[in-house]
Structure formats: C-alpha cells, structure tokens
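Down below is the structure, laid out as structure tokens.
Numbering (my numbering), first residue to last: 3 to 165.
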C-alpha cells in the first residue's frame, strides 16, 4: 500500500457518494471493473465502475493494520433480477448474505489500523440493520438515518483495543 493511500473504500462501485471521486488519499477497490448500461424507466442509463484495485471485500489483498479509515458500502439487496438496473448499479447480495457481510466486516476490521474508523452504509429496503448487526461481532458507536424513506443508515465503528 502506498503511504498516501490511508483510506480504503472496500466496495467503491461508481463512487456515488464521494464528493472527490479521485481523492488522492483513498484506495478504491471493487470486485468489478466495467461500464454497464441498462434500461430504467424508459431511459438508457450508464454507470462506470473503475476501481484502483480489483478485489473482493471478503478477501482483501492488504496487510493487517494498513488503513486509518475504511468505507464499507456493500450491496444490500438480494431479490433483484440479474440484469436489472439496480443490480448493475449496486450489486446483489447472495443467498448466504450473512456469511458474506460478516466476512466483509472481519476483513475491513483486519486492515483497519488500531483506533481507526470504519464507516458503514446500509439500506433497509430488504434487510433491517438490526439483522446485519446480529451477524457481526462489532457494535457501532453512532449512526444516522437518511434517505427519502429514512431507510439508509450510516454507522461509525472504531477499532478499539479489547478490554
């Protein structure tokens, strides 16, 4: 890892929520690298997923304690059609989503430096945040609900020493 890349976006997709989509301190990874188009409400939409590194968030290719901050915004929908715009834009959770999300959290915490911060974004359209929190051994410090229907939740975790 470059010393300038102190932030990891573990599943960047198209970097939708980044104000600076080319932040020089951030390493953007995703398991996809593609430009996709799909019909959505009578429009043809295009999205580009262009990570710096192609990798899966369940098996990150970085040493332990590598980043000061990790951003984790995994897919959150499981009942999408494979060719739907939402699946192409956000990705799709597999049927074993609990194992995948737990493995992702474990990996994000592994590469996070001690006292580092993990920002987690989740949408409760299909799976409630309480269900996600029940499959991981970490507890958020705080969070905030946003979105048109208040279904998107941002949570902040910190890698603290075990008491």
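We put the CB at the ideal spot given by N, CA and C, even for glycine.
In the structure shown, the three-state DSSP call for residue 40 is strand.
Relative to residue 134, the option among 50, 26 and 106 whose CA is nearest is 106.
Within a 10 Å sphere around the beta-carbon of residue 50 sit fewer than 16 other beta-carbons, which makes this residue exposed. In terms of CA proximity to residue 150, 127 leads the group 118, 30, 88 and 127. If you look at residue 156, you'll find it in the beta strand (DSSP E) that goes 154-160. Between residue 34 and residue 40 the beta-carbon gap is near 14 Å, outside 8 Å, which marks them as no contact. Residue range 9-11 is occupied by the beta strand (DSSP E) that includes residue 11, with no alpha helix (DSSP H) assigned at that position.
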